[in-house]
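Positions 1039 to 1170 (the numbering used here) are the ones given, in order, by the sequence shown.
Just so you know, even glycine gets a beta-carbon here, dropped at the ideal spot from N, CA and C.
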Amino acid sequence: ARLVREMRRGGVRIAIDDFGTGHSTEARIGLLSPDIVKIDGGWFAEFCRHAAAERFFRPLVSTLHDRGAKVLVEGIEHATHLRVALDGGVDLLQGYHLARPALAGTIFNEEPLAIDALLGMDNKVVPLHQRR
């Protein structure tokens, strides 16, 4: 915890990767107080397969927000994943459904898209790679 405080004083932001698997647990979040929690894409995809996913995901995101963290969901590969993530109130999204990875040094628009830009007029998902 002391190292984390020293890093923060130096301007480093702390992120916990792969939340939901392995060592990335609620206890670790309590210990490190991360700025960002990245929810594991594989865990999230499996979670989305359950009928109650949307009902249980929002409280998880709210708990992470209450601890001061922004929430990023990895592995958004289908419209269902995007819907559960958006309905859950996440802050950041990452995955092939939104955009393909780019090589380091590639110039791209660094402005994040508003969540509304991801939704069509009839509230259906419009993947970025299909937009023109």
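How is residue 1128 classed by DSSP in three states: helix, strand or coil?
For residue 1128, the three-state secondary structure derived from DSSP is coil.
Do residue 1125 and residue 1096 have their C-beta atoms within less than 8 Å of each other?
Going by C-beta atoms, residue 1125 is nearer than 8 Å to residue 1096.
Within this structure, are the beta carbons of residue 1080 and residue 1113 separated by less than 8 Å?
Cβ distance < 8 Å, so residue 1080 and residue 1113 count as in contact.
How far does the alpha helix (DSSP H) with residue 1098 in it reach, from first residue to last?
Run containing residue 1098: 1091-1104, per the alpha helix (DSSP H) assignment.
Can you give me the C-alpha to C-alpha distance between residue 1133 and residue 1140, rounded to a whole angstrom?
If you take the alpha carbons of residue 1133 and residue 1140, they lie about 12 Å apart.
State the Cα-Cα distance for the pair residue 1137 and residue 1123, rounded to the nearest angstrom.
Whole-angstrom Cα-Cα distance: 16 Å.
If you draw a straight line from the C-alpha of residue 1062 to the C-alpha of residue 1117, how long is it?
The straight-line gap from Cα to Cα measures roughly 26 Å.
Where does residue 1120 land, buried or exposed, given buried means 16+ other C-beta within 10 angstroms?
Residue 1120 counts as buried, since at least 16 other C-beta atoms from the protein chains shown sit within 10 angstroms of its C-beta.
When you compare each of 1092, 1100, 1083 and 1091 to residue 1075 by their alpha carbons, which one comes out closest?
Minimum Cα distance to residue 1075 is reached at 1100.
Whole-angstrom distance between residue 1105 and residue 1056, CA atom to CA atom
Take the alpha-carbon of residue 1056 and the one of residue 1105: they are about 17 Å apart.
Go ahead and label residue 1089 buried or exposed: buried means 16 or more other beta carbons lie within 10 angstroms of its beta carbon, across all protein chains shown.
Flag for residue 1089 reads exposed.
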